[in-house]
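**Student:** Residue numbers (the working numbering): 126 to 303.
#1: I'd like to check one pair, residue 295 with residue 284: are the Cβ atoms closer than 8 angstroms?
#2: Within 10 Å of its beta-carbon, does residue 212 have 16 or more other beta-carbons around it, so buried, or fewer, so exposed?
#3: Here's the rule: buried if 16 or more other CB atoms are within 10 angstroms of the residue's CB, otherwise exposed. What is residue 229?
#4: On a CA-only basis, which of 267, 273 and 258 is nearest residue 302? Give me that one, please.
#5: When the Cβ atoms of the stretch 138 to 148 are set against those of the stretch 192 to 211, are three or more pairs found closer than 8 angstroms?
#6: Tell me the rounded alpha-carbon separation between residue 174 and residue 268.
#7: Let's test the definition: count the other Cβ atoms within 10 Å of the Cβ of residue 248 and tell me whether it reaches 16, buried, or not, exposed.
#8: Could you round the C-beta distance between residue 261 and residue 239 to whole angstroms and report it? I think they count as a contact, below 8 angstroms.
#9: In three-state terms, what does DSSP make of residue 162?
#10: Nearest-angstrom Cα distance between residue 200 and residue 142?
#11: Helix, strand or coil for residue 126 per DSSP?
#12: Please name the residue or residues paired with residue 171 in a DSSP beta bridge.
#13: Nearest by alpha-carbon distance to residue 297: which of 286, 176 and 291 is it?
#14: I need the boundaries of the beta strand (DSSP E) containing residue 284, first residue and last residue.
#15: Give every residue of the same chain whose Cβ lies closer than 7 angstroms to the Cβ of residue 151, excluding the five residues on either side of it in the sequence, and list them in chain order.
#16: My output table needs one value for residue 240: the three-state DSSP class, helix, strand or coil.
#17: Quick one: grab the DSSP three-state call for residue 139.
#18: Decide if residue 144 is buried, meaning its Cβ has at least 16 other Cβ atoms within 10 Å, or exposed.
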């Protein structure tokens, strides 16, 4: 397997990649607004059963998102040339960060180090560009991805209400480049 810059010919394979995930936990938000104080708390809640969740992006939205990335890498199988995963990153030097709007690994290839290698490629590029962090967003119900971020040294850095289609909350995770 190798990571390489994506080519235009890879776009359809990236869009066809299964972006869904299975989870048995969600992050539940509660907030309080009082005079001079606002708080938001996220609590991990176990679901009574696993749920299968589709991608938060429609293909046409994902296509536009990928076209706005400064860098797009794919992990490719050596013999079959199958795309196992990808990561896109836009450089935002005015915020000192690399923004990762799109990142996925094929379900049958998850938990094999592919996501970690793709994330490291983005971090290395952001570091080479002189940026101080990389940041990405996740749905509150994407517990597998939040665990991935936490175990790779990323920290919770904020949230946005009604961020995704369907009015889902986004959780932001950032990796501080040393």
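Just so it is clear, CB atoms sit at the ideal spot from N, CA and C, and this is done for glycine as well.
Just so it is clear, the structure is predicted and the values come from calculations on it, not from any experiment.
**Tutor:** For this structure:
#1: Here residue 284 is taken as the residue at index 159 of the chain shown, counted from 1. Here residue 295 is taken as the residue at index 170 of the chain shown, counted from 1. Yes, these two residues count as a Cβ contact at 8 angstroms.
#2: Within the chain shown, numbered from 1, the residue matching residue 212 stands at position 87. Looking at its Cβ environment, which holds 16 or more other Cβ atoms inside 10 Å, residue 212 is buried.
#3: The count along the chain shown starts at 1 and reaches residue 229 at position 104. Residue 229 is buried by the Cβ-count criterion.
#4: The count along the chain shown starts at 1 and reaches residue 302 at position 177. Its Cα nearest to that of residue 302, the residue 258 stands out among 267, 273 and 258.
#5: Using a C-beta cut-off of 8 angstroms, the stretch 138 to 148 makes contact with the stretch 192 to 211, since at least three inter-stretch Cβ pairs fall below that distance.
#6: As a working note, residue 174 is residue 49 in the chain shown. As a working note, residue 268 is residue 143 in the chain shown. Each residue's alpha carbon lies about 14 angstroms from the other.
#7: For the purposes of this step, residue 248 is identified with residue 123 of the chain shown, where counting begins at 1. Buried, because 16 or more other Cβ atoms sit within 10 Å of the Cβ of residue 248.
#8: Taking the chain shown and counting its residues from 1, one reaches residue 261 at position 136. Taking the chain shown and counting its residues from 1, one reaches residue 239 at position 114. Actually they are not in contact, since the Cβ atoms of residue 261 and residue 239 sit about 16 angstroms apart, beyond 8 angstroms.
#9: Translated into positions along the chain shown, residue 162 becomes position 37. In the structure shown, residue 162 falls within a strand segment according to DSSP collapsed to helix, strand and coil.
#10: Along the chain shown, one-based indexing puts residue 200 at 75. Along the chain shown, one-based indexing puts residue 142 at 17. Computed Cα separation, rounded: 12 angstroms.
#11: The residue labelled residue 126 in the question sits at position 1 within the chain shown. Looking at residue 126 - three-state DSSP - the assignment turns out to be coil, as it is neither helix nor strand.
#12: The residue labelled residue 171 in the question sits at position 46 within the chain shown. 150, per the DSSP bridge assignment.
#13: Residue numbering aside, residue 297 sits at position 172 when the chain shown is read from its first letter. Of 286, 176 and 291, the residue nearest in Cα terms is 286.
#14: Against the chain shown, residue 284 aligns to sequence position 159. Run containing residue 284: 280 to 285, per the beta strand (DSSP E) assignment.
#15: The residue labelled residue 151 in the question sits at position 26 within the chain shown. Cβ within range, chain order: 170, 172, 265, 266 and 268.
#16: For the purposes of this step, residue 240 is taken as residue 115 along the chain shown, with counting starting at 1. DSSP places residue 240 in helix when its eight states are reduced to three.
#17: Taking the chain shown and counting its residues from 1, one reaches residue 139 at position 14. For residue 139, the secondary structure class from DSSP, reduced to helix, strand or coil, is helix.
#18: Stepping through the chain shown from its first residue, residue 144 is reached at position 19. By the 10 Å Cβ count, residue 144 comes out buried.
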